[in-house]
Each structure stands twice: as C-alpha cells, then as structure tokens.
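Asks:
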Amino acid sequence: MKKTLILLGALAGVAGAATKTTSVDFSNFATTLSGIQTQYAPTEFTLALTFASNNFGNTDSDYILTLASSGTTSWGLFSQAGSYVGTKLSTASDLTWTAPTSTSDDGTTRTWNVTADAISGLPSYWISYNTTGGHVGPGVNSTAVTVAVTETGSTVTLNLTNGTTSVISTNYAFSLGEIALGSHITGISNGTLTYKTPEPATATLSLLALAGLAARRRRR
33 MKKTLILLGA LAGVAGAATK TTSVDFSNFA TTLSGIQTQY APTEFTLALT FASNNFGNTD
93 SDYILTLASS GTTSWGLFSQ AGSYVGTKLS TASDLTWTAP TSTSDDGTTR TWNVTADAIS
153 GLPSYWISYN TTGGHVGPGV NSTAVTVAVT ETGSTVTLNL TNGTTSVIST NYAFSLGEIA
213 LGSHITGISN GTLTYKTPEP ATATLSLLAL AGLAARRRRR
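For the sequence shown, position 14 matches number 46 in our numbering, and the numbering has no gaps at all.
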C-alpha cells in the first residue's frame with residue numbers, strides 16, 4: 033500500500049503538467065495570447081516570431097512589441113522608422129546608446145543584464161549594433177525575436193538582419209497577457225508559443241486507475 037501511495041503521488045506530479053505548442057499569426061495574435069493567459073495563466077513560456085512586414089514611415093517611431101505594462105506605463109521593443117531597434121519604457125523621452133554587459137569575441141552577440149523589481153526599472157536604450165560596435169539600423173522586417181520567461185525572470189533575444197544578436201536578460205518575469213504587437217507591425221511569420229499547462233483530465237484518469245488498484249490490494 034505504501035508503494036502504491038508513493039507511485040500515486042509521483043504520477044500526480046508528472047501528469048499534472050505538460051508542455052504544449054501553439055501557432056500564432058498576426059490576425060489572432062492578441063486573441064491567442066490573452067485566451068491562453070486567461071485559461072491557463074502560464075508563468076513559464078517561450079514566444080518566438082519573425083517580423084514579416086511593417087508600415088513605418090521615415091518619421092514614425094513606435095513600439096514593435098510591447099512586453100510589459102502596468103497602468104499607463106509600458107515597456108517593450110521600439111523602433112525608429114522601422115530601422116533602428118531599442119528597448120523603451122513609455123515614460124522615457126530619448127533612447128541612448130548604452131554599452132552591453134558582455135559581448136562575444138567575434139562581436140556578433142551583445143548581452144545586457146538588467147535588474148528590475150518593477151517595470152520602472154526596465155531599460156531604455158538602442159540595442160542594434162554591427163560586429164564592430166557601430167550603431168546601425170538593420171531594419172525590423174525579418175528580425176526574429178524570442179521571449180523566454182520563467183518564474184524568476186525573462187530573456188529577450190533579437191536576431192537582427194545584419195547577422196548580430198542582441199539579448200536583454202532581466203529578473204523581471206513578463207506576463208503573457210501583457211504582450212502585444214505594435215500598431216505599425218502588419219505581419220509576422222514563424223510565430224510559435226510554447227507553454228506549460230496542467231492536464232487535469234489525463235491526471236484524473238491516471239489517478240483513478242491507481243486508486244482502483246490500491247482499493248483492490250486492500251481488499252485482498
């Protein structure tokens with residue numbers, strides 16, 4: 033009986049969660065994310081997408097992907113004319129060029145490690161460089177973005193079209209329901225969302241089967 037209870041507890045932990053993959057596109061992007069947040073409230077997820085098209089003009093500056101919001105304050109990926117790319121807090125006026133925390137030996141990857149206990153602590157600076165550290169505008173189209181979130185923090189990775197990668201790592205964990213495309217983004221491709229959810233139906237059936245086995249053993 034003791035062995036059965038141990039197995040029962042172990043199976044409950046395994047069957048109670050699963051990783052699922054959902055495809056997202058521009059037409060149902062917000063609906064999909066908010067629906068999953070409402071139904072499952074995942075605290076760990078990975079969102080990946082590629083910007084396929086935009087309608088930025090030469091004088092337009094706007095968010096391309098909002099990642100966090102609280103009241104009237106928001107934070108996310110920002111672009112000037114669909115060219116230069118940065119991170120921006122809505123309360124910040126101008127973006128600056130800020131040196132990364134670390135850079136790979138070949139100059140292709142730059143990482144900024146940020147400590148932020150609230151949205152107000154998230155950074156506002158340009159993050160699009162070339163391999164020699166020059167300030168460049170590689171363009172939004174065809175830039176691939178991955179947002180990986182755990183209960184302890186978030187990592188945003190941009191694979192820019194000039195062959196460089198910019199990474200923002202923070203201990204601030206984003207909520208899936210706060211992520212939204214900017215109004216100048218008219219299309220995305222390769223959009224996938226991976227998240228962990230409980231599977232109560234599977235778990236319940238498995239536990240009932242084991243409970244029945246335990247009952248039969250007791251009767252013997």
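No residue lacks a Cβ here, since even glycine has one placed at the ideal position from N, Cα and C.
Alpha carbon to alpha carbon, how far is GLY209 from GLY103?
Replies: Approximately 14 Å between the Cα atoms of the pair.
Asks: Tell me which residue opens and which closes the alpha helix (DSSP H) that PHE61 is part of.
Replies: Note, PHE61: alpha helix (DSSP H), 61-72.
Asks: Can you give me the C-alpha to C-alpha distance between THR98 and THR105, rounded to a whole angstrom?
Replies: Going from the Cα of THR98 to the Cα of THR105 covers about 11 Å.
Asks: Going by DSSP in three states, LEU208 sits in which element: helix, strand or coil?
Replies: If DSSP states are grouped into helix, strand and coil, LEU208 belongs with the helices.
Asks: Is ILE159 helix, strand or coil by DSSP?
Replies: Coil at ILE159, not helix or strand.
Asks: Under three-state DSSP, which class holds SER152?
Replies: Three-state result, SER152: helix.
Asks: Taking only three categories from DSSP, how would you classify PHE253?
Replies: Lying before the first or after the last residue shown, residue 253 is absent from the chain, which here runs from 33 to 252.
Asks: Taking the continuous beta strand (DSSP E) assigned at ALA80, which residues delimit it?
Replies: 77-86 is the extent of the beta strand (DSSP E) around ALA80.
Asks: From which residue to which residue does the beta strand (DSSP E) around VAL199 run?
Replies: That run of the beta strand (DSSP E) goes 197-202.
Asks: Could you check if HIS167 is buried or exposed, using at least 16 other CB atoms within 10 Å of its CB as the buried criterion?
Replies: Exposed: under 16 other Cβ atoms inside 10 Å.
Asks: Buried or exposed: where does GLY114 fall if 16 or more other Cβ atoms within 10 Å of its Cβ makes it buried?
Replies: Looking at its Cβ environment, which holds 16 or more other Cβ atoms inside 10 Å, GLY114 is buried.
Asks: Could you pull the start and end residues of the beta strand (DSSP E) that ALA50 belongs to?
Replies: Run containing ALA50: 50-55, per the beta strand (DSSP E) assignment.
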